[in-house]
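With this note's numbering applied, the sequence shown corresponds to residues 1 to 47, in that order. Positions of the beta carbon are idealized from the N, C-alpha and C atoms, including for glycine. Accompanying notes for the structure given below.
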Amino acid sequence: MAKPTRKRRVKKNIESGIAHIHATFNNTIVMITDVHGNAIAWSSAGA
1 MAKPTRKRRV
11 KKNIESGIAH
21 IHATFNNTIV
31 MITDVHGNAI
41 AWSSAGA
């Protein structure tokens, strides 16, 4: 059986960005975007 190949992630060089934080009683979502609003990374903590 052949081994599955992994795709390498391309590292983006972003100079500045915006942190969007959406907090509720059950969850907190943090999203990092570039200046145009395109999502770079996001994370969720909670339920």
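Non-local beta-carbon contacts of residue 19 in its own chain, meaning distances under 7 Å to residues more than five positions away in sequence, involve 30 and 32 in chain order. Close CB contacts of residue 43 within its chain, under the 6 Å cut and outside five residues either way in sequence, are with 30 (chain order).
The continuous beta strand (DSSP E) containing residue 32 extends over residues 27–33. Counting only residues of its own chain and dropping the five nearest sequence neighbours on each side, residue 27 has a CB closer than 8 Å to the CB of 44, 45, 46 and 47.
Ranked by Cα distance from residue 36, the first of 9, 1, 6 and 17 is 17.
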